[in-house]
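J.:
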Amino acid sequence: MHGSNMKLLFPKSNIPSNIGNGFFYLGVEFVLDKISDNLTVVDCPFPPHNPFRLSIRQTSDTYHLPEHLCGYDAVVLAGPILDRNFANQHGPLLRSARRQGKPIILLSCGGRQYDEVEIASCSALLSEIEPDILVSRDHDTYSNYAKFCKNAYDGICFAFFVSDAYQKFSMTIKEEFCIACFDFDRERPLQDYISLETGTPELKRRYALTGTKSFKNKFLMSAQRSFKTKVDGIRVVRPSHRPIRSARHIFHKPNSFADFSFASYLHLYANTLFTITDRLHAAVATLAFGRPAHLPLRSNRSKLLQAAGCEDVLSKFYVADLKKLDEYKSCQTSWLENALHSLEG
32 MHGSNMKLLF PKSNIPSNIG NGFFYLGVEF VLDKISDNLT VVDCPFPPHN
82 PFRLSIRQTS DTYHLPEHLC GYDAVVLAGP ILDRNFANQH GPLLRSARRQ
132 GKPIILLSCG GRQYDEVEIA SCSALLSEIE PDILVSRDHD TYSNYAKFCK
182 NAYDGICFAF FVSDAYQKFS MTIKEEFCIA CFDFDRERPL QDYISLETGT
232 PELKRRYALT GTKSFKNKFL MSAQRSFKTK VDGIRVVRPS HRPIRSARHI
282 FHKPNSFADF SFASYLHLYA NTLFTITDRL HAAVATLAFG RPAHLPLRSN
332 RSKLLQAAGC EDVLSKFYVA DLKKLDEYKS CQTSWLENAL HSLEG
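Following our numbering, the numbering of the sequence shown begins with 32 at its first residue and continues without gaps.
1. Do the region 196–203 and the region 353–372 touch if we need at least three Cβ pairs shorter than 8 Å?
2. Helix, strand or coil for proline 97, going by three-state DSSP, please let me know.
3. Could you check what DSSP says for cysteine 75 in three-state terms: helix, strand or coil?
4. According to DSSP, tyrosine 173 sits in a beta bridge with which residue or residues?
5. What residues in its chain sit with their C-beta under 7 Å from that of leucine 138, if we drop five residues either side in the sequence?
6. Grouping DSSP H, G and I as helix and E and B as strand, with all else coil, what is serine 277?
7. Can you tell me the Cα-Cα spacing of cysteine 140 and glutamate 149, whole angstroms?
8. Could you tell me which of Leu336, Cys212, Tyr173, Ser365 sits nearest to aspartate 352, measuring between CA atoms?
9. From this set, Gly102, Ala314, Phe282, which residue's C-alpha is nearest alanine 301's C-alpha?
10. What does a CB cutoff of less than 8 Å around threonine 71 pick up in its chain, not counting 5 residues either side in sequence?
11. At 4 residues or longer, what runs of the alpha helix (DSSP H) sit wholly inside the region 164–246?
12. One question on the structure: do alanine 289 and isoleucine 281 come within less than 7 Å of each other, judged by their Cβ atoms?
13. Check whether the region 72–86 touches the region 111–122, taking contact to mean three or more Cβ pairs, one atom from each stretch, closer than 8 Å.
14. Taking the straight line between their C-alpha atoms, what separation do you get for proline 42 and aspartate 74?
15. Using a threshold of 7 Å, state whether the C-beta atoms of leucine 297 and tyrosine 197 are closer than that.
16. Serine 277: which of Thr364, Phe258, Phe291 sits nearest, CA to CA?
17. Let me know if glutamine 161 comes out buried or exposed under the rule of 16 or more other beta-carbons within 10 Å of its beta-carbon.
18. Within the same chain, show all residues whose beta-carbon is closer than 6 Å to that of cysteine 212, passing over the 5 residues directly before and after it, in chain order.
19. I believe glutamate 98 touches leucine 125 by the beta-carbon criterion, under 8 Å. Please report the beta-carbon distance rounded to the nearest angstrom.
20. I'd like to know if the region 341–350 and the region 176–185 are in contact, where contact means that at least 3 CB-CB pairs between them fall below 8 Å.
21. Determine the DSSP secondary structure at proline 82, reduced to helix, strand or coil.
22. List the whole-angstrom C-beta distance separating glutamate 228 from arginine 266, where the pair is believed to meet the contact cut-off of C-beta under 8 Å.
23. Taking its Cβ as the centre, do 16 or more other Cβ atoms sit within 10 Å of isoleucine 225, making it buried, or is it exposed?
24. List the whole-angstrom C-beta distance separating tyrosine 103 from lysine 133, where the pair is believed to meet the contact cut-off of C-beta under 8 Å.
25. Valine 193 and alanine 316 - do their beta-carbons sit closer together than 7 Å?
26. DSSP on valine 350, reduced to helix/strand/coil?
27. Can you list, in chain order, the stretches of the beta strand (DSSP E) that have 3 or more residues and sit fully within the region 102–133?
28. Exposed or buried, which one is aspartate 216 when buried takes at least 16 other CB atoms within 10 Å?
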C-alpha cells in the first residue's frame with residue numbers, strides 16, 4: 032500500500048433489502064476517514080445472487096463488477112459475511128487480490144449459523160488467503176478465525192459508530208415519539224406490554240421472541256391491520272428496514288416510515304424516546320445514541336451485543352453505558368490505525 036492515496040475496494044450488499052447494513056458500512060467509513068485523509072473508499076456491489084435471490088441459471092448471466100475492477104490498493108469486506116456462502120460469494124475476488132499482493136481487510140465481521148459446517152467452510156478460505164486484518168464483531172468470530180489472519184482484533188460492530196458519524200448532519204424532531212420496528216413478526220399491542228409510569232419504558236410482561244425464518248409470522252404480520260397511533264400519549268413511529276418489499280406490507284400502519292437511504296433512519300433512532308424492535312441494528316443504533324431499546328429477537332447474529340456489553344437489551348429495555356462504548360470504540364479505532372499503518376511498510 033504505497034502512494035499518497037490508497038483506494039479501498041469495498042463491496043456492499045443491497046442496503047434496501049436490509050437498512051441496518053448501511054449502519055455498519057457507515058461506521059466503517061467513518062472510522063477509516065477518521066484514521067487517515069489518504070484513504071478513498073470505492074463502493075461496489077456484492078455478488079448479485081445474494082441480495083436479489085437469483086437462481087443458479089440467473090447467476091450465470093450476471094456481470095459481477097468487483098471482479099473486473101483494477102487499480103485498487105486493498106479489498107475491504109464487512110458484515111455477517113462469514114457464512115456458508117463465503118467462499119462462493121467472495122472467494123474469486125479475494126483470491127485475485129491475494130495473487131496481486133493486495134491487502135485483504137475484514138471489518139465488523141461475523142457469521143450466521145456459527146455451526147461446524149459454516150466454520151469449516153470459512154476456515155478453508157481464510158487459511159488460504161490469510162487476511163491482513165480482521166476486526167470481529169463478536170467473540171465467537173474472533174475465536175474461530177483470528178488464527179488465520181495476520182492481524183486480528185476482538186472488536187465490536189462498527190454500527191455502534193453511527194452516533195459519531197451522525198453528528199455531521201444531526202437534527203432534532205419537534206415532538207416526542209417512540210419506535211416500533213417489526214419486520215419479522217407481528218407488533219403486539221404496545222399498551223399491553225409497555226409502561227411509562229416511571230418516565231422510562233419498562234415491560235409489563237415478557238414480549239414474545241421472534242425469529243427471522245417463520246413463514247407463519249410473516250403471513251400474520253402482513254394480515255395485521257389494527258395498530259394504535261400512540262402509547263401513553265406518545266406517538267408510535269413504525270419504520271421498516273426492508274423498504275424494497277411491497278408497499279402494502281409497509282404502509283398499512285399508522286406513522287409508517289420507509290426510505291431507500293439508510294441515513295435518514297438515524298434521525299429516528301437519535302431522537303426516539305425508546306425503541307422496541309425485532310431488527311438487530313435498529314436496536315444497535317438506538318443504543319449507540321444512548322436511548323432505551325428492547326430487542327425480542329432470537330438470532331445468532333445477536334452475539335454482537337455481548338461483545339459490546341449490551342446483551343441485556345434482549346430481555347428488557349436497556350440503555351447502553353456510553354462511556355464504556357466510547358472506550359471500546361476508541362481502542363478499536365487506535366488498533367485499526369496501527370494495523371493499517373503496518374501495511375504501508
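We treat Cβ as the ideally placed atom computed from N, Cα and C, and that holds for glycine.
T.: From the atom records:
1. They do not touch, by the three-pair rule.
2. Position 66 of the sequence shown holds residue 97. In the structure shown, the three-state DSSP call for proline 97 is helix.
3. To locate residue 75, count along the sequence shown from 1; it is residue 44. If DSSP states are grouped into helix, strand and coil, cysteine 75 belongs with the strands.
4. Translated into positions along the sequence shown, residue 173 becomes position 142. Paired residues: none, contrary to the question.
5. Residue numbering aside, residue 138 sits at position 107 when the sequence shown is read from its first letter. Counting only Cβ-Cβ distances below 7 Å, and skipping sequence neighbours, we find Val59, Val107, Ala109, Val166, Phe189.
6. To locate residue 277, count along the sequence shown from 1; it is residue 246. Three-state DSSP puts serine 277 in coil, outside helix and strand.
7. Indexing the sequence shown from 1 puts residue 140 at position 109. Indexing the sequence shown from 1 puts residue 149 at position 118. A straight-line Cα-Cα distance of about 14 Å links cysteine 140 and glutamate 149.
8. What you label residue 352 is simply residue 321 of the sequence shown in a count that begins at 1. Leu336 is the residue among Leu336, Cys212, Tyr173, Ser365 whose C-alpha sits nearest the C-alpha of aspartate 352.
9. Looking up residue 301 in the sequence shown gives position 270. Alanine 301 has its Cα closest to that of Ala314, out of Gly102, Ala314, Phe282.
10. Your numbering for residue 71 matches position 40 in the sequence shown. Same-chain partners within the cutoff: Asn36, Met37, Lys38, Leu39.
11. Uninterrupted alpha helix (DSSP H) stretches at least 4 residues long and entirely within the region 164–246 occur at 170–176, 193–196, 221–224, given in chain order.
12. Position 258 of the sequence shown, counted from the start, is the residue given in the question as residue 289. Position 250 of the sequence shown, counted from the start, is the residue given in the question as residue 281. A distance below 7 Å separates the beta carbons of alanine 289 and isoleucine 281.
13. The region 111–122 and the region 72–86 touch, with three or more beta-carbon pairs separated by less than 8 Å.
14. Counting from one through the sequence shown, the residue named residue 42 turns up at place 11. Counting from one through the sequence shown, the residue named residue 74 turns up at place 43. Answer to the nearest angstrom: the Cα atoms are 6 Å apart.
15. By one-based count along the sequence shown, residue 297 stands at place 266. By one-based count along the sequence shown, residue 197 stands at place 166. Yes.
16. Within the sequence shown, the letter at position 246 stands for residue 277. Of the listed residues, the one whose Cα sits closest to serine 277 is Phe291.
17. Taking the sequence shown and counting its residues from 1, one reaches residue 161 at position 130. In the sequence under discussion, the amino acid at residue 161 is glutamate, which differs from the glutamine named in the question. Per the 10 Å Cβ criterion, exposed.
18. Sequence index remark: in the sequence shown, residue 212 carries index 181 (1-based). Correct list, in chain order: Pro270, Thr308, Arg310, Ala313.
19. Within the sequence shown, the letter at position 67 stands for residue 98. Within the sequence shown, the letter at position 94 stands for residue 125. Not really, about 10 Å apart at Cβ, beyond 8 Å.
20. Inter-segment contact for the region 341–350 and the region 176–185 is absent: fewer than three beta-carbon pairs are separated by less than 8 Å.
21. Position 51 of the sequence shown, counting from 1, holds the residue named residue 82. Proline 82 carries a coil assignment under DSSP once its states are collapsed to helix, strand and coil.
22. In the sequence shown, residue 228 corresponds to position 197, counting from 1. In the sequence shown, residue 266 corresponds to position 235, counting from 1. Wrong, their Cβ atoms sit about 18 Å apart, outside the cutoff.
23. In the sequence shown, counting from the first residue as 1, residue 225 sits at position 194. It counts as buried.
24. Here residue 103 refers to the residue found at position 72 of the sequence shown. Here residue 133 refers to the residue found at position 102 of the sequence shown. The pair is a contact, with the Cβ atoms about 7 Å apart (cut-off 8 Å).
25. Residue numbering aside, residue 316 sits at position 285 when the sequence shown is read from its first letter. Residue numbering aside, residue 193 sits at position 162 when the sequence shown is read from its first letter. A contact, by the Cβ cut-off of 7 Å.
26. By 1-based counting over the sequence shown, the position of residue 350 is 319. If DSSP states are grouped into helix, strand and coil, valine 350 belongs with coil.
27. Segments of the beta strand (DSSP E) lying fully in the region 102–133: 105–113.
28. For the purposes of this step, residue 216 is taken as the residue at position 185 of the sequence shown. So aspartate 216 counts as buried.
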